[in-house]
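Asks: Questions regarding the structure given below will be posed in turn.
2 protein chains.
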Amino acid sequence: MGEFELIRTLFRPLAEATWQDGVVLGPGDDCAIQRVPPGHELVFSIDTLVAGVHFPAGYDPVRLGWRSLAAAVSDLAAMGADPVCYTLALTLPDADPGWAKSLVGGLEEASRAFGIALAGGDITRGPLTLTIQVHGTVPEGQAIRRSGARSGELVAVTGPLGGAAAALSWLEAASPPASAEGFLARYHRPQPRCELGRQLRGLATAAIDISDGLLADLGHILEASGVGAELEPGRVPRNFDGTQATLDQALNGGDDYELCVILPHSALEQLPGSVADSLWVVGKVCAGSGLRLMHADGVIEEVSVPMGYDHFRGQ
Amino acid sequence: MGEFELIRTLFRPLAEATWQDGVVLGPGDDCAIQRVPPGHELVFSIDTLVAGVHFPAGYDPVRLGWRSLAAAVSDLAAMGADPVCYTLALTLPDADPGWAKSLVGGLEEASRAFGIALAGGDITRGPLTLTIQVHGTVPEGQAIRRSGARSGELVAVTGPLGGAAAALSWLEAASPPASAEGFLARYHRPQPRCELGRQLRGLATAAIDISDGLLADLGHILEASGVGAELEPGRVPRNFDGTQATLDQALNGGDDYELCVILPHSALEQLPGSVADSLWVVGKVCAGSGLRLMHADGVIEEVSVPMGYDHFRGQ
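Chains A and B, in that order, give the protein sequences. Using our numbering, you'd call the opening residue of the first sequence number 35 and step up by one each time. Using our numbering, you'd call the opening residue of the second sequence number 35 and step up by one each time.
Spelled out as structure tokens, the structure:
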């Protein structure tokens, strides 16, 4: 057995340990097979993480496993989809069984936490890169898209923002201060909002996961929906275990994997208390276009929304 | 618009130009959406091609587009699945619009030829790598797996083998000899056997696409099915436009993307003439294990089938 064959065998138990009902055939054939329940649609997204670009080159493989899968599953949460399974295309510069076992450990923990099964994959030699495609299902026609926001509706977020950005400067520190711990937890172990996404089906008119920063990602919703918005920066939550991210980190920092959600006032009242308590209303949707920041001191700041809404982005 | 944003916009027309009915929502949201027809299952496979490992570093991008998609679709053909859509995760060292346009051109040509739509993707900066996940559908329970081969059945292949391996030494030649043209065509423009795969549903008991070489890939079927086989090397087709690949290339060369199919005698008789004419019977399945080559001079050669059938391989 070649050294890469050995690495491949490490992933077999992961597929077996995380099996989900929708998976008819897992790894080991030319293709995997999934059954989509009657009256449901398949929802899927592919994402690549490159060492040195999307995570530090020497990043801990257990954390890498969790974080890669969490970031991918977050796209399912934004559509209101229930996670089912995923494929992993892993490119490795060399066959290091210890490193691979740790990665499998992190993936297994995340797979169990999110209820998603490894259904197939490909392992090849090359620069360190992980590509994950996640599969979920939604009742037909109920996926929450980016394009449904309407004037008068509320803009909400599902948790504090800016933590992952605030963590960046501490990532490689041997002994980060206690005040950085909340930030670091957010970077290393993001929590995709699947349960919240599912409860927002039929109530939210648009949603996106915040991977590029609140302003940029809200901008994608505005472009796709053909509307504008007013945001109150003072209402954006940014407290992590008692330490605040800066306003810039909260508005522009990526990788938090909370959701930005648009919903009418009436929907907010229909939500169970536990769900409504997880939503911070931070602004409202307006007719027209553009994004305005309504600062507490009365200053109004125009934000340039990324031009040329890009249909090959954000999957 | 950043330079990578510009590259992303090149893929939008490709998604629109190749649209297929099963795609409910294409690129541009957090996820894409696919509808799987009632009574059908989703069949999917992910594959990565790394520059310098799976194709030459300076390989023509039009050819790269065709070849990458053809190799991926070949996995659907091996399951007897009908192609529907695919996602593309593309990692690029720099944003070269001319190169990207050529890649899109090759992908579009292949997408139309195979009837498969671009449904989503991700473009990131990093070492040149293409990861493609293809989606197809089959009537429930009718996918052709590797594990159904039974003693007494026939081993067949769907076309001449060894051409892509024979092409390798000519790939970077400025003016290859006319005798190499058949080989080069096979390397640059492999033709996945989707129509044949579909017609073999319910008739073939096992199939695999020949990406690692006939002996290795037949070995995967034998391992998965728990049987052995006798192969007659003299019957393996290896003629490309009048030039023969060597026997070693035909038995061990990869990247031809023909199918190796197992089927009972009776199934061969039920096939339409055009399909039966596309099958070369090269051996038979036996009880027990192992793969024996029955040479024309009476010599019997035992081939070591790769041990430890690997469930994380071949997707």
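Ideal Cβ placement from N, Cα and C applies to all residues, glycine included. Please read all numbers here as calculations on a predicted model, not as lab measurements.
#1: Which term fits PRO194(B), buried or exposed, when burial requires 16 or more other beta carbons within 10 angstroms of its beta carbon?
#2: By the three-class DSSP mapping on this structure, what secondary structure does PRO173(B) have?
#3: Which residues in chain B have a C-beta closer than 8 Å to the C-beta of LEU59(A)? List them in chain order.
#4: Around the C-beta of MET341(A), are 16 or more other C-beta atoms found within 10 angstroms, so that it is buried, or is it exposed?
#5: In the DSSP assignment, the alpha helix (DSSP H) including ALA104(A) goes from what residue to what residue?
#6: Is it the case that the Cβ atoms of ALA279(B) and ALA200(B) are separated by a distance below 8 Å?
#7: When you compare the CB positions of ALA183(A) and SER259(A), do they come within less than 8 Å of one another, or not?
#8: In three-state DSSP terms, what is ILE41(B)?
#9: Mapping DSSP to helix, strand and coil, what is MET341(A)?
#10: Should ARG220(A) go down as buried or exposed, given a rule of 16 or more other Cβ atoms within 10 Å for buried?
#11: Terminal residues of the continuous beta strand (DSSP E) containing LEU325(B)?
#12: Straight-line CA distance for ASP63(B) to ARG179(A)?
#13: Provide the residue span of the alpha helix (DSSP H) that contains LEU230(A), from first to last.
#14: Name the chain B residues whose beta carbon is nearer than 7 Å to that of ILE80(A)?
#15: Excluding five sequence neighbours on each side, which residues of the same chain lie with their C-beta closer than 6 Å to the C-beta of GLY160(B)?
#16: Using 8 Å for Cβ pairs, my map puts ALA129(A) next to LEU40(A). What's the rounded Cβ distance?
#17: What residues in the stretch 104-120 of chain B have a beta carbon less than 9 Å from any beta carbon of chain A?
#18: Rounding to the nearest angstrom, what Cα-Cα distance links PRO210(B) and ALA198(B) in this structure?
#19: Counting only Cβ pairs nearer than 7 Å, list the residues of chain A close to ILE242(B).
#20: Under three-state DSSP, which class holds ILE244(A)?
#21: Taking the alpha-carbon positions, what's the ASP290(B) to ARG272(B) distance?
#22: Consult DSSP for ARG159(B) and reduce its assignment to one of helix, strand or coil.
#23: Is the stretch 162-178 of chain A touching the stretch 79-95 of chain A in the sense that three or more CB pairs, one from each, lie closer than 8 Å?
#24: For GLN233(B), which residues from the same chain have a beta carbon less than 6 Å from its beta carbon, with the 5 sequence-adjacent residues on both sides left out?
#25: Quick check: the Cα distance between GLY170(B) and GLY196(B), rounded to an integer number of angstroms?
#26: Does the beta-carbon of PRO72(B), which I'm using as the reference point, lie nearer than 7 Å to any heavy atom of the ligand SAM?
#27: With DSSP as the reference, label VAL138(A) as helix, strand or coil.
#28: Would you say PRO226(B) lies against chain A (beta-carbon separation less than 8 Å)?
#29: Which residues does DSSP list as the beta-bridge partners of PHE78(A)?
#30: Closer than 6 Å by C-beta to ASP116(A): which residues in its own chain qualify, once you throw out the five before and the five after it? Chain order, please.
#31: Does any residue of chain A have a CB that is nearer than 8 Å to the CB of ILE255(B)?
#32: SER300(A): buried (16+ other C-beta within 10 angstroms of its C-beta) or exposed?
Replies: The relevant details are as follows:
#1: Here residue 194(B) refers to the residue found at position 160 of the second sequence. Sixteen is the threshold: when 16 or more other Cβ atoms of the shown chains lie within 10 Å of the Cβ of PRO194(B), as they do, the residue is buried.
#2: Taking the first residue of the second sequence as 1, we reach residue 173(B) at position 139. Strand.
#3: Position 25 of the first sequence, counting from 1, holds the residue named residue 59(A). The answer, in chain order, is ALA177 and ARG179.
#4: Position 307 of the first sequence, counted from the start, is the residue given in the question as residue 341(A). Note on MET341(A): pLDDT 45, under 50, position unreliable in the model; the coordinate value appears next. If you draw a 10 Å sphere on the C-beta of MET341(A), you find fewer than 16 other C-beta atoms in it, and that means exposed.
#5: What you label residue 104(A) is simply residue 70 of the first sequence in a count that begins at 1. For ALA104(A), the enclosing alpha helix (DSSP H) has its first and last residue at 95-113.
#6: Along the second sequence, read from residue 1 onward, the residue named residue 279(B) stands at position 245. Along the second sequence, read from residue 1 onward, the residue named residue 200(B) stands at position 166. Yes. Within cutoff.
#7: Translated into the one-based positions of the first sequence, residue 183(A) becomes position 149. Translated into the one-based positions of the first sequence, residue 259(A) becomes position 225. Against a cut-off of 8 Å, the Cβ pair of SER259(A) and ALA183(A) comes out as a contact.
#8: Locating residue 41(B) in the second sequence gives position 7, where the first residue counts as 1. Annotated three-state conformation of ILE41(B) is helix, per DSSP.
#9: Within the first sequence, numbered from 1, the residue matching residue 341(A) stands at position 307. Confidence at MET341(A) is low in this model, with a pLDDT of 45, below 50, so its placement is unreliable and the value that follows should be read with caution. Coil, per DSSP.
#10: Within the first sequence, numbered from 1, the residue matching residue 220(A) stands at position 186. Counting Cβ neighbours within 10 Å, ARG220(A) comes out buried, since at least 16 surround it.
#11: What you label residue 325(B) is simply residue 291 of the second sequence in a count that begins at 1. LEU325(B) -> beta strand (DSSP E) spans 325-328.
#12: Along the second sequence, read from residue 1 onward, the residue named residue 63(B) stands at position 29. Along the first sequence, read from residue 1 onward, the residue named residue 179(A) stands at position 145. Across the structure, ASP63(B) and ARG179(A) are spaced so that their CA atoms are roughly 7 Å apart.
#13: By 1-based counting over the first sequence, the position of residue 230(A) is 196. Boundaries of the alpha helix (DSSP H) harbouring LEU230(A): 228-233, taken from the DSSP string.
#14: As a position in the first sequence, residue 80(A) is number 46, starting the count at 1. Within chain B, the residues near ILE80(A) are THR121, ALA123, GLY154, GLY155, ASP156 and GLN167.
#15: By one-based count along the second sequence, residue 160(B) stands at place 126. Within the same chain, Cβ atoms closer than 6 Å to the Cβ of GLY160(B) are found at THR125, the five residues on either side in sequence being excluded.
#16: Translated into positions along the first sequence, residue 129(A) becomes position 95. Translated into positions along the first sequence, residue 40(A) becomes position 6. Their Cβ separation, rounded to whole angstroms, is 7 Å, which keeps ALA129(A) and LEU40(A) in contact under 8 Å.
#17: Under the 9 Å Cβ criterion, the stretch 104-120 of chain B contributes SER108, ASP109, LEU110, ALA111, ALA112, MET113 and ALA115.
#18: Here residue 210(B) refers to the residue found at position 176 when the second sequence is read from its first residue. Here residue 198(B) refers to the residue found at position 164 when the second sequence is read from its first residue. Rounded to the nearest whole angstrom, the C-alpha separation of PRO210(B) and ALA198(B) is 14 Å.
#19: Taking the second sequence and counting its residues from 1, the one referred to as residue 242(B) is at position 208. Residues of chain A passing the Cβ test: ASP64.
#20: Counted from its first residue, the first sequence places residue 244(A) at position 210. ILE244(A) falls in the coil class under three-state DSSP.
#21: As a first step, residue 290(B) is located in the second sequence; it is residue number 256 there, counting from the start. As a first step, residue 272(B) is located in the second sequence; it is residue number 238 there, counting from the start. A straight-line Cα-Cα distance of about 11 Å links ASP290(B) and ARG272(B).
#22: Along the second sequence, read from residue 1 onward, the residue named residue 159(B) stands at position 125. Strand.
#23: Here the stretch 79-95 of chain A makes contact with the stretch 162-178 of chain A; the two share three or more CB pairs at distances below 8 Å.
#24: For this step, residue 233(B) is matched to residue 199 along the second sequence. Here the set comprises VAL309.
#25: What you label residue 170(B) is simply residue 136 of the second sequence in a count that begins at 1. What you label residue 196(B) is simply residue 162 of the second sequence in a count that begins at 1. If I take the Cα positions, the gap works out to 27 Å.
#26: The ligand SAM is absent from the structure shown, which contains no ligand whatsoever.
#27: Position 104 of the first sequence, counted from the start, is the residue given in the question as residue 138(A). The three-state secondary structure of VAL138(A), taken from DSSP, is helix.
#28: Against the second sequence, residue 226(B) aligns to sequence position 192. Chain A contact via Cβ: absent.
#29: As a position in the first sequence, residue 78(A) is number 44, starting the count at 1. HIS169(A) and ALA66(B), per the DSSP bridge assignment.
#30: Numbered from its first residue, the first sequence carries residue 116(A) at position 82. Excluding sequence neighbours, ASP116(A) sits near GLY170 and THR171.
#31: Along the second sequence, one-based indexing puts residue 255(B) at 221. Closer than 8 Å: no.
#32: Translated into the one-based positions of the first sequence, residue 300(A) becomes position 266. SER300(A) should be labelled exposed.
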